[in-house]
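Protein chains in written order, with UniProt numbering: chain A, 1 to 303; chain B, 1 to 303.
2 protein chains.
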Amino acid sequence: MKVPKKISIKEVGPRDGLQNEKARLSTSDKITWINMLSMTGLSYIEITSFVHPKWIPALSDALAVAKSIERKPGVTYAALVPNQKGLERALEGRIDEASVFMSASETHNRKNINKSISETLPILKAVTSEAAKANLTTRAYLSTVFGCPYENDVPLEQIIRISETLFDMEIDELSLGDTIGAANPVQVQIVLEALLKRFPKEKIALHFHDTRGMALANMIAAMDMGITTFDGACGGLGGCPYAPGSSGNAATDDLIYMCAQMGIETGVDLGKLLLAAKWIEEKAGRQLPSRNLQTAKSLDCFS
Amino acid sequence: MKVPKKISIKEVGPRDGLQNEKARLSTSDKITWINMLSMTGLSYIEITSFVHPKWIPALSDALAVAKSIERKPGVTYAALVPNQKGLERALEGRIDEASVFMSASETHNRKNINKSISETLPILKAVTSEAAKANLTTRAYLSTVFGCPYENDVPLEQIIRISETLFDMEIDELSLGDTIGAANPVQVQIVLEALLKRFPKEKIALHFHDTRGMALANMIAAMDMGITTFDGACGGLGGCPYAPGSSGNAATDDLIYMCAQMGIETGVDLGKLLLAAKWIEEKAGRQLPSRNLQTAKSLDCFS
């Protein structure tokens, strides 16, 4: 089993987490939380989404958030950018990295973006190209790589073909998404084996959801293949807000604890991250799925 | 990454789960639940403990439970047996396998058993020897292998030395316990590397708690070393009842889902196991940590 010396963590809680929470945070609370995250040692925070507020009302204050957070030197502040209109707002918000997104499966892409895959790709190309001109780095999220809620299995050839098109756009990173939280370690290695023949491992990140408890196991399988970049959300925020206990993103706190125990550097202070997790749990108004958060609470670590 | 074709699961929920739950189940409820578990395809169920009721009041009805469950042919019904007195009751209860137990760390052994390690070993030898004479198979639990709440790290030499003594007693299986739920995949492989040089992998089981979310990741690391026997508790029952959200045993349901996705045979019907998990969750009166249980509930799988 291959274990890296260090990994990079991309904290997506303020975007992928908050966009799915039932509780609506005030702009000021979002800013406070992102500022807390900035002080944990995280080097990357996806702070919001510039998708039209009609689609993600929870993040309609994207520009206000982007303009008001305290920028810690060395931290990359990213945001989701759906199109050129969104990019204009992201640039106004002085975002460091633009994240574009699409699905590997046709049906999910249509349901999520209201466009076919072939209609989506030129839009992403325009955004990444404009973003690069404005000196932003770019990241592409590819959803439903490990399973689609409508089409089930997504053919590997399709994942490869779309990934090739995305890398042709000169994106800096491709984040492979386990949207429904059903990826398993064997599948992770099969998909990575195919992709790593074609693309550099330094440019591939994995984005797991812990819906069925396999997020950390999948990360171990990915590390074994040489992957060193993982998305996570503080506290395991996200997932379906109407489903108590149903997990959202892989909890950054659980990943950091595991890495610390395994001797893998993350640069993140677990104690500070857990304080940020506890803070957002109170705002979310529900028990978050992070095991380390719940264990820390039960051990009275916060008193 | 090595992946086995099939694994054996030892369901310990009725013992290791229930002994730690705050809610007290009636004897009749325990019997009903064990009977449900017997119908899931599980081939091994640890149904109770013959430890003196003074120490584990929740399982004071051990004999009644053992005498009243329906025995499904092919299923091994095991119980915890602390000493010869306990063995007499276990034999009266027609138990198939006697599980003895001790800790790898001196302090935890004293706190848990009220004896030193060297005082404990002859007692275990007497029980396993008498059990074998009565045609019972035997299993030994070694706790705190991956960390002790009092002594922290437990020296590998000590784990090896105690394991040797236990195997000298001709136990059929040694279950290595991550009592505090802090084992990590690297540590699992280090410990196993040392033990597998000395003992057959078929006789070693791993017993994880999911306190920090690493149970499945640890199992992946153990499978990679050739281990194919794992303990689990239906629903992730167990852990500290006064700590909401703090996880107990690795959830059998999560292990079975992962194995099914990875193409590893378990012989267990996930649907039936989830029904048993939902049933015991209602009796426990708290949200259980199994991710698959919570996801199944949120997807309305039970309606």
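Even glycine gets a Cβ: it sits at the ideal position worked out from N, Cα and C.
- Judged by their CB atoms, residue 209 (chain A) and residue 263 (chain A) are not nearer to each other than the 8 Å cut-off.
- Contact between residue 1 (chain B) and residue 224 (chain A) holds, with the beta-carbon distance rounding to 5 Å and staying under 8 Å.
- DSSP places residue 298 (chain B) in the uninterrupted alpha helix (DSSP H) bounded by 291-298.
- For residue 16 (chain B), the closest of B:81, B:68 and B:193 by C-alpha to C-alpha distance is B:81.
- For residue 79 (chain B), the beta-bridge partners assigned by DSSP are B:48 and B:98.
- In this structure residue 19 (chain A) is buried. Its beta-carbon is surrounded by 16 or more other beta-carbon atoms within 10 angstroms.
- Contact between the stretch 100-112 of chain B and the stretch 123-130 of chain B is present: three or more C-beta pairs spanning the two stretches fall below 8 Å.
- Counting along the chain, residue 29 (chain A) sits inside the alpha helix (DSSP H) bounded by residues 27-38.
- Among the residues of the stretch 139-156 of chain A, none has a Cβ less than 7 Å away from any Cβ of chain B.
- Taking the beta carbon of residue 3 (chain A) as reference, the chain B residues within 7 Å of it are 186, listed in sequence order.
- When C-beta distances to chain A are compared with 9 Å, the residues of the stretch 210-221 of chain B below that value are 210, 211, 212, 213, 214, 215, 216, 217, 218, 219, 220 and 221, in chain order.
- Annotation for residue 83 (chain A): 123 and 127 place their beta carbon closer than 7 Å to its own, counting only its chain and skipping 5 residues before and after.
- When CB distances to chain B are screened at a threshold of 8 Å, not a single residue of the stretch 15-29 of chain A falls below it.
- Within the stretch 283-295 of chain A, contact with chain B at the beta-carbon level (separation under 9 Å) is assigned to 287, 288, 289, 290, 291, 292, 293, 294 and 295.
- Secondary structure within the stretch 168-223 of chain A: the alpha helix (DSSP H) runs of 4 or more consecutive residues, fully enclosed, are 185-196 (chain order).
- Residue 146 (chain A) counts as buried, since at least 16 other C-beta atoms from the protein chains shown sit within 10 angstroms of its C-beta.
- With a contact defined as Cβ atoms closer than 8 Å, residue 205 (chain A) and residue 230 (chain A) qualify at about 6 Å.
- The distance from the Cβ of residue 235 (chain B) to that of residue 277 (chain B) is about 4 Å, consistent with a contact at the 8 Å cut-off.
- Our two residues, residue 288 (chain B) and residue 295 (chain B), have alpha carbons roughly 11 Å apart in a direct line.
- In this structure, residue 117 (chain A) and residue 221 (chain B) do not form a Cβ contact; the two beta carbons are roughly 37 Å apart against a cut-off of 8 Å.
- Residue environment: residue 253 (chain A) is assigned as buried (16 or more neighbouring CB atoms within 10 Å of its CB, all protein chains considered).
- In this structure, residue 32 (chain B) lies away from residue 64 (chain B), with their beta-carbon atoms at least 8 Å apart.
- Taking 8 Å as the cut-off, the beta carbon of residue 25 (chain B) is found no closer than this to the beta carbon of residue 75 (chain B).
- Here the C-alpha atom of residue 233 (chain A) lies approximately 52 Å from the C-alpha atom of residue 129 (chain B).
- The DSSP-derived three-state label of residue 151 (chain B) is coil.
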